[in-house]
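Visitor: Just dropping this structure here.
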Amino acid sequence: MSIISLQNVCHQYDDLEVLDQINFDLDNGEFVSIVGPSGCGKSTLLKIIGGLIKPREGIINVKNSAIDAELLERRSFGFVFQDPILLPWRTALKNVELPLEIVGDRNSTTKAKEILSLVGLKEFECFYPPALSGGMQQRVAIARALVVNPSILLMDEPFGSLDEFNRDRLNVELLKIWQETKKSVIFVTHSISEAVLLSNRVIVLSERPAKVIAIKKIDLSYPRTAELKQSKEYIDNVLWLRNQLKRE
Amino acid sequence: MASQSTKKRIGTADWLLPSAFLVLILFVWEIITHFFSIPEFLLPGPMAIGKSIFSDRSVLLFHAGITLSEAVCGFIIANLFGVAVGTLFAYSKTLKRGLYPFAIALKTTPIIAIAPLFILWFGNGPISKIAAAAIISFFPAVVNTTRGLKSVSQDSLDLFKSFSAKSYQLFMKLRFPTALPYIFSALKISSSLAVVGAIVGEFVGANKGMGYFIIINYYHFEIVKVFSGVVVVALTGILFFGVISMIEKKVIFWAKIDE
Numbered sequence: 027m028s029i030i031s032l033q034n035v036c037h038q039y040d041d042l043e044v045l046d047q048i049n050f051d052l053d054n055g056e057f058v059s060i061v062g063p064s065g066c067g068k069s070t071l072l073k074i075i076g077g078l079i080k081p082r083e084g085i086i087n088v089k090n091s092a093i094d095a096e097l098l099e100r101r102s103f104g105f106v107f108q109d110p111i112l113l114p115w116r117t118a119l120k121n122v123e124l125p126l127e128i129v130g131d132r133n134s135t136t137k138a139k140e141i142l143s144l145v146g147l148k149e150f151e152c153f154y155p156p157a158l159s160g161g162m163q164q165r166v167a168i169a170r171a172l173v174v175n176p177s178i179l180l181m182d183e184p185f186g187s188l189d190e191f192n193r194d195r196l197n198v199e200l201l202k203i204w205q206e207t208k209k210s211v212i213f214v215t216h217s218i219s220e221a222v223l224l225s226n227r228v229i230v231l232s233e234r235p236a237k238v239i240a241i242k243k244i245d246l247s248y249p250r251t252a253e254l255k256q257s258k259e260y261i262d263n264v265l266w267l268r269n270q271l272k273r274e
Numbered sequence: 024m025a026s027q028s029t030k031k032r033i034g035t036a037d038w039l040l041p042s043a044f045l046v047l048i049l050f051v052w053e054i055i056t057h058f059f060s061i062p063e064f065l066l067p068g069p070m071a072i073g074k075s076i077f078s079d080r081s082v083l084l085f086h087a088g089i090t091l092s093e094a095v096c097g098f099i100i101a102n103l104f105g106v107a108v109g110t111l112f113a114y115s116k117t118l119k120r121g122l123y124p125f126a127i128a129l130k131t132t133p134i135i136a137i138a139p140l141f142i143l144w145f146g147n148g149p150i151s152k153i154a155a156a157a158i159i160s161f162f163p164a165v166v167n168t169t170r171g172l173k174s175v176s177q178d179s180l181d182l183f184k185s186f187s188a189k190s191y192q193l194f195m196k197l198r199f200p201t202a203l204p205y206i207f208s209a210l211k212i213s214s215s216l217a218v219v220g221a222i223v224g225e226f227v228g229a230n231k232g233m234g235y236f237i238i239i240n241y242y243h244f245e246i247v248k249v250f251s252g253v254v255v256v257a258l259t260g261i262l263f264f265g266v267i268s269m270i271e272k273k274v275i276f277w278a279k280i281d282e
């Protein structure tokens, strides 16, 4: 059953056409990655889905009820951006509590503690962000997105600034979290290999103005680990997607 | 951990080197006054000034206390208003465009030119000095508050938007804390300015305070006392600045502070 469907979504900034008739569905509990050349409008698309930007044209259906982007219940989305954007004056725990504080949730501390241990940062609750490594900061950001219990996680190149070793580790951890929490995920990245490792499906966008040029189902069984990257099926998928992008 | 200890070591060196130079400068100064037999009414040596400060210590403490309390009062009033006006400017383009030119015009008017008017309006007492201190320390807070509140990144605004934060929550939880380092740098600037303002007020018309002490001793040609007054004024300013810097380190513990 689809939880989100996009119909003919177009967008432009002034005269710059960014998105051209984007159509796709996201199934409940599905992990979908969006790949494409840098600057093609992937981030814009994610912000439109999350209701941060109102598209010029097109419809976004959430849970089959057509609603205006402005009326979108934003709480059904948890955002993770490339920059973790942690507030340096708050501890890891207080950063995770932030969205709950804003909606006036009284159990914010308990909930935040639970989520922090889910992402493996139980011992780092009282640390201020500058004392945490880049990977840990991003895990706090993921915890902050999960703490409001959103049905959909929107991630915009969340591991883009990490080294490859940490990226692999966080990818595997993200898969674990995804399987435990059963969230639907839309994951924007420019790394094809990351997209293949993580996703049920990969959506390939063209250069700006972005169109959907391919949607590829990744038939690799879960749980997946970084070792999967050596398998032939994995490499075939990566090569196929790379060719799609090259052909553009 | 390693970086912490190097930081501390640099801290002591920061303190040590200027002190060494201060001793050197005072020493050379003392030697020169003796060697060229410069009369005390032109340039007294540091020893003479030190002696004079010590013997006048209770009088100096009294006057310095007056000046410092005027400066602190003006400083507090100015910064409360300054932060409020800066906030209005950050939120209203119309107000900012309409009033900023006047703020700049008032800022560029020398305080010494307006000070006599304050005596006329508020009398010879402390209020005129507080007003002078307040006027001169008002603008840094306005400018820096506006700049600080606007320095939040688009990403963090998006994040708060995704939480459906209301605008007062955005202000309290994001904009204001982001602006605090800017506001504190304004407080540090205006801590020294406020002392200047109070003293200018006292120069123009007063019967106590460090400005009064300096002027009256100048008229009586007690030049050593003028110098000791100058030294005490400098120390008062440093004390005020130092206290604000200490509060700053406690309050905005997360920010890198440039001295």
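The listed protein sequences derive, respectively, from chains C and G.
Taking the numbering used here, the leading residue of the first sequence gets 27, the next gets one more, and so forth.
Taking the numbering used here, the leading residue of the second sequence gets 24, the next gets one more, and so forth.
Virtual Cβ for every residue (Gly too), placed ideally from N, Cα, C.
Bear in mind the structure is a predicted one, so any value in this text is a computation, not a measurement.
Could you run through the region 264-277 of chain G and flag, in chain order, every residue whose CB is less than 9 Å away from some CB of chain C?
Guide: Correct list: Ile275, Phe276 and Trp277.
Visitor: Which bits of chain G does Gly76/C rub up against, with CB to CB less than 8 Å?
Guide: On the first sequence, position 50 is the one that residue 76/C refers to. Result: Ser185.
Visitor: My guess is that Val122/C and Leu144/C are in contact by the Cβ rule of under 8 Å, so how many angstroms apart are they, rounded?
Guide: The residue you call residue 122/C lines up with position 96 of the first sequence. The residue you call residue 144/C lines up with position 118 of the first sequence. About 11 Å separates the two Cβ atoms, so there is no contact after all.
Visitor: Taking only the alpha-carbon atoms, compute the straight-line gap between Ala87/G and Ile150/G and give it to the nearest angstrom.
Guide: Within the second sequence, the letter at position 64 stands for residue 87/G. Within the second sequence, the letter at position 127 stands for residue 150/G. So the two alpha carbons sit approximately 16 Å from each other.
Visitor: With C-beta atoms as the reference, is Asn226/C less than 8 Å away from Val58/C?
Guide: By 1-based counting over the first sequence, the position of residue 226/C is 200. By 1-based counting over the first sequence, the position of residue 58/C is 32. Yes, these two residues count as a Cβ contact at 8 Å.
Visitor: Is Gly171/G near Thr201/G, with beta carbons less than 8 Å apart?
Guide: As a position in the second sequence, residue 171/G is number 148, starting the count at 1. As a position in the second sequence, residue 201/G is number 178, starting the count at 1. A contact, by the Cβ cut-off of 8 Å.
Visitor: Opposite Lys243/C in the DSSP bridges: which residues?
Guide: The sequence position of residue 243/C within the first sequence is 217, counting from 1. Lys243/C pairs with Arg227/C.
Visitor: I need the boundaries of the beta strand (DSSP E) containing His243/G, first residue and last residue.
Guide: Counting from 1 along the second sequence, the entry for residue 243/G is found at position 220. First-last for His243/G: undefined, no H or E at that position.
Visitor: How big is the Cα-Cα spacing for Pro114/C and Ile99/G?
Guide: Residue mapping note: residue 114/C aligns to position 88 of the first sequence, counting from 1. Residue mapping note: residue 99/G aligns to position 76 of the second sequence, counting from 1. Going from the Cα of Pro114/C to the Cα of Ile99/G covers about 27 Å.
Visitor: Taking Leu124/C as the query, report the chain G residues whose CB atoms sit under 8 Å from its CB, ordered along the chain.
Guide: Translated into the one-based positions of the first sequence, residue 124/C becomes position 98. Here the neighbours are Phe186 and Lys196.
Visitor: Residues of chain G with a CB under 9 Å from the CB of Ile111/C: which are they?
Guide: Numbered from its first residue, the first sequence carries residue 111/C at position 85. Ordered by position in chain G, the residues that pass the 9 Å Cβ test against Ile111/C are Ser176, Asp178, Ser179, Asp181 and Leu182.
Visitor: So what does DSSP say about Met27/C, is it helix, strand or coil?
Guide: Taking the first sequence and counting its residues from 1, the one referred to as residue 27/C is at position 1. Met27/C: coil per DSSP, three-state reduction.
Visitor: Taking Gln47/C as part of the beta strand (DSSP E), name the residues at either end of that continuous run.
Guide: In the first sequence, counting from the first residue as 1, residue 47/C sits at position 21. Leu42 to Asp53 is the span of the beta strand (DSSP E), which, as asked, contains Gln47/C.
Visitor: Which one or two residues does DSSP pair with Asp182/C in a beta bridge?
Guide: Here residue 182/C is taken as the residue at index 156 of the first sequence, counted from 1. In the DSSP output, where bridge partners are listed per residue, Asp182/C has Val214/C.
Visitor: With a cut-off of 8 Å, does the C-beta of Tyr260/C fall near any C-beta of chain G?
Guide: By 1-based counting over the first sequence, the position of residue 260/C is 234. Closer than 8 Å: no.
Visitor: Please report the straight-line C-alpha distance between Arg116/C and Leu147/C, rounded to a whole angstrom.
Guide: The residue given as residue 116/C occupies position 90 in the first sequence. The residue given as residue 147/C occupies position 121 in the first sequence. Answer to the nearest angstrom: the Cα atoms are 15 Å apart.
Visitor: Apply the 10 Å Cβ neighbour rule to Arg80/G and answer buried if 16 or more other Cβ atoms are within range, or exposed otherwise.
Guide: For the purposes of this step, residue 80/G is identified with residue 57 of the second sequence, where counting begins at 1. Exposed, since its Cβ has fewer than 16 Cβ neighbours within 10 Å.
Visitor: Answer yes or no: does any C-beta atom of chain C fall closer than 8 Å to that of Pro200/G?
Guide: As a working mapping, residue 200/G is identified with position 177 in the second sequence. For Pro200/G, the answer is yes, since a Cβ of chain C falls inside 8 Å of its Cβ.
Visitor: Nearest to Leu103/G by alpha carbon, out of Leu91/G, Ser60/G, Ala157/G and Phe77/G?
Guide: For this step, residue 103/G is matched to residue 80 along the second sequence. Ranking Leu91/G, Ser60/G, Ala157/G and Phe77/G by Cα distance to Leu103/G puts Ala157/G first.
Visitor: Within a Cβ cutoff of 6 Å, which residues of the same chain sit near Ile135/G, ignoring the five residues on either side of it in sequence?
Guide: The sequence position of residue 135/G within the second sequence is 112, counting from 1. Cβ neighbours of Ile135/G beyond the five flanking positions: Val223.
Visitor: Hey, how far is the Cα of Leu223/C from the Cα of Glu271/G?
Guide: Numbered from 1 along the first sequence, position 197 holds the residue referred to as residue 223/C. Numbered from 1 along the second sequence, position 248 holds the residue referred to as residue 271/G. Each residue's Cα considered, the two are about 47 Å apart.
Visitor: Using beta carbons (cut-off 8 Å, strictly below), is Ile128/C in contact with chain G?
Guide: Position 102 of the first sequence, counted from the first residue, corresponds to residue 128/C. It does: the Cβ of Ile128/C has a partner Cβ on chain G nearer than 8 Å.
Visitor: Looking at the C-beta of Tyr39/C, does it have a partner C-beta in chain G at a distance below 8 Å?
Guide: Walking along the first sequence from the start, residue 39/C turns up at place 13. For Tyr39/C, the answer is no, since every Cβ of chain G falls outside 8 Å of its Cβ.
Visitor: Please go through the region 155-201 of chain G and give each complete alpha helix (DSSP H) segment of 4 or more residues, from N-terminal end onward.
Guide: For the region 155-201 of chain G, whole alpha helix (DSSP H) runs of length 4 or above, ordered along the chain, are 177-185 and 190-193.
Visitor: So, for Pro125/C: in the same chain, excluding its five sequence neighbours on each side, which residues have a beta-carbon less than 7 Å away from its beta-carbon?
Guide: Indexing the first sequence from 1 puts residue 125/C at position 99. Taken in chain order, the residues that qualify are Arg170, Val173 and Val174.
Visitor: Within 8 Å (strictly less), CB to CB, does Pro114/C reach chain G?
Guide: Translated into the one-based positions of the first sequence, residue 114/C becomes position 88. Yes, because at least one Cβ of chain G sits closer than 8 Å to the Cβ of Pro114/C.
Visitor: Taking the alpha-carbon positions, what's the Asp194/C to Ala252/C distance?
Guide: Translated into positions along the first sequence, residue 194/C becomes position 168. Translated into positions along the first sequence, residue 252/C becomes position 226. Whole-angstrom Cα-Cα distance: 6 Å.
Visitor: Do the region 175-186 of chain G and the region 258-269 of chain G make contact, defined as three or more Cβ pairs closer than 8 Å?
Guide: No: fewer than three Cβ pairs fall under 8 Å.
Visitor: The alpha helix (DSSP H) with Gly84/C in it runs from where to where?
Guide: Counting from 1 along the first sequence, the entry for residue 84/C is found at position 58. It is not in any alpha helix (DSSP H) - Gly84/C instead sits in the beta strand (DSSP E) that spans Glu83 to Val88.
Visitor: Quickly, what does DSSP pair Gln33/C with across the bridge? List them, please.
Guide: The residue you call residue 33/C lines up with position 7 of the first sequence. The partner list for Gln33/C (beta bridge, DSSP) reads Ile85/C.
Visitor: Let me confirm a value: Ser64/C is counted as buried when at least 16 other C-beta atoms fall within 10 Å, else exposed. Which label applies?
Guide: As a first step, residue 64/C is located in the first sequence; it is residue number 38 there, counting from the start. Exposed, since its Cβ has fewer than 16 Cβ neighbours within 10 Å.
Visitor: Measure the C-alpha to C-alpha separation of Lys80/C and Ala221/G and round it to an integer number of angstroms.
Guide: Numbered from 1 along the first sequence, position 54 holds the residue referred to as residue 80/C. Numbered from 1 along the second sequence, position 198 holds the residue referred to as residue 221/G. Using only the alpha carbons, I get a separation of about 54 Å.
Visitor: For the region 142-153 of chain C, which residues have a beta carbon sitting closer than 7 Å to at least one beta carbon of chain G?
Guide: Result list empty, no residue passes.
Visitor: Would Phe105/C pass as an interface residue toward chain G - the criterion being a Cβ-Cβ separation below 8 Å?
Guide: Locating residue 105/C in the first sequence gives position 79, where the first residue counts as 1. Output row for Phe105/C: interface = yes.
Visitor: Are the region 113-124 of chain G and the region 226-245 of chain G touching by the rule of at least three beta carbon pairs closer than 8 Å?
Guide: The region 113-124 of chain G vs the region 226-245 of chain G: no contact.
Visitor: Who does Ala191/C pair with in a DSSP beta bridge?
Guide: Position 165 of the first sequence, counting from 1, holds the residue named residue 191/C. In the sequence as presented, Ala is not what sits at residue 191/C; that position holds Phe. Bridge partners of Phe191/C: none, in fact.
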